[in-house]
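A.B. asks: Structure below; questions to follow.
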Amino acid sequence: MSASSVPPSAAQEDLVRQAGRALARHGLVHAYGHCSVRLDEGHFLVSPAKPLGLVADGDICTVVPIDGPLPDGVLGEVRIHREIYRRRPEVGGVVRSMPPRVMTLGTARITPKPRHGFGSYFAPQPPLWDDPQLLRNDEQAAALAEQMGRARAIVMRGNGAVTAGASLEEAVVLTWYLEDAARVEFEARAAGIADAGVILGETEVAQRATWSGAILERMWAYLTSEKT
Numbered sequence: 048m049s050a051s052s053v054p055p056s057a058a059q060e061d062l063v064r065q066a067g068r069a070l071a072r073h074g075l076v077h078a079y080g081h082c083s084v085r086l087d088e089g090h091f092l093v094s095p096a097k098p099l100g101l102v103a104d105g106d107i108c109t110v111v112p113i114d115g116p117l118p119d120g121v122l123g124e125v126r127i128h129r130e131i132y133r134r135r136p137e138v139g140g141v142v143r144s145m146p147p148r149v150m151t152l153g154t155a156r157i158t159p160k161p162r163h164g165f166g167s168y169f170a171p172q173p174p175l176w177d178d179p180q181l182l183r184n185d186e187q188a189a190a191l192a193e194q195m196g197r198a199r200a201i202v203m204r205g206n207g208a209v210t211a212g213a214s215l216e217e218a219v220v221l222t223w224y225l226e227d228a229a230r231v232e233f234e235a236r237a238a239g240i241a242d243a244g245v246i247l248g249e250t251e252v253a254q255r256a257t258w259s260g261a262i263l264e265r266m267w268a269y270l271t272s273e274k275t
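The sequence shown: position 207 = 254 (my numbering), numbered continuously.
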């Protein structure tokens, strides 16, 4: 950690661990996947390099500089987080996930359209990173972040997805929303009603893709509850 960075608080470390376990509990990651929270303009805190469902309260998260090499022991694809944070100062949390329906659609180069409320957050639809390979160099990670642009998510062909939110809580909730949008897309196509289904228009999307009414807080509470 550079001298200019602020050490992560216990609450920030707890948040990263809690987010990781929530993603695992709801089948959005498995052996693979990671999440992070921005600490300041030059650093972020990433989850331990282990299956997120196995992360314990005492496991150490790692501070990663946005400019500079990855610290020892940090997973290679954490470069994706770094490139998103570098380009998007409004982003406070990033999730790299493996949602099952997103994965299935991605193998066919399909990303979900805004057919229902949760899909509206990704309108007109998430971009597709059309490469199934792991991203383990700076050039690939930078190219993915450029293609993602200002979108809340990008689908990686046969390789899961990345979501970015104003907070880590938002990025986790968006991961669940993305998988539900993929579920609706998959089932509409399987039922043969995709072409007859209504796609939300710009006005509908603008009204529906909201966080008012404690929408974010309620979904976060659901995802992080050990009772679910």
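Virtual Cβ for every residue (Gly too), placed ideally from N, Cα, C. These figures come from a predicted structure and were not determined experimentally.
1. With a Cβ-Cβ cutoff of 8 Å, do Gln59 and Leu86 count as a contact?
2. Indicate the three-state DSSP secondary structure (helix, strand or coil) for Thr210 in the structure shown.
3. Do His128 and Val141 have their C-beta atoms closer together than 8 Å?
4. Do Pro118 and Cys108 count as a contact pair if the criterion is CB distance below 8 Å?
5. Taking only three categories from DSSP, how would you classify Val231?
6. Check whether the Cβ atoms of Arg232 and Leu175 lie closer than 8 Å to each other.
7. So what does Ser83 bridge to, in DSSP terms?
8. Taking Ile131 as part of the alpha helix (DSSP H), name the residues at either end of that continuous run.
9. Hey, how far is the Cα of Asp104 from the Cα of Asp114?
10. Measure the alpha-carbon distance for Leu247 versus Ala66 and round it to whole angstroms.
11. Candidates Leu215, Pro146, Arg255: which alpha carbon is nearest Ser83's?
12. Going by C-alpha distance, which of Arg197, Gly207, Asp185 is nearest Arg134?
13. Measuring only the C-alpha atoms, how far is Leu179 from Thr154?
14. In the DSSP assignment, the alpha helix (DSSP H) including Ala238 goes from what residue to what residue?
15. Name the residue from Val202, Ala238, Val245 whose alpha carbon lies nearest to the alpha carbon of Leu225.
16. Secondary structure at Ala109, three-state DSSP: helix, strand or coil?
C.D. replies: According to the structure data:
1. yes
2. Correct three-state label for Thr210: strand.
3. Contact: yes.
4. no
5. helix
6. Here the sequence assigns Glu to residue 232, which means Arg is not the residue at that position. Going by C-beta atoms, Glu232 is not nearer than 8 Å to Leu175.
7. Checking the DSSP bridge columns, you'll see Ser83 partnered with Val93, Val141.
8. 125-134
9. Near 28 Å, if we compare the C-alpha coordinates of Asp114 and Asp104.
10. 30 Å
11. Leu215
12. Measuring from the Cα of Arg134, the nearest candidate turns out to be Arg197.
13. The residue asked about is misnamed: residue 179 is Pro in this sequence, not Leu. For Pro179 and Thr154, the distance between alpha carbons rounds to 8 Å.
14. Counting along the chain, Ala238 falls outside any alpha helix (DSSP H), and DSSP gives it neither H nor E.
15. Val202
16. The sequence shown places Thr at residue 109, rather than the Ala named in the question. Reduced to three states, the DSSP call for Thr109 is strand.
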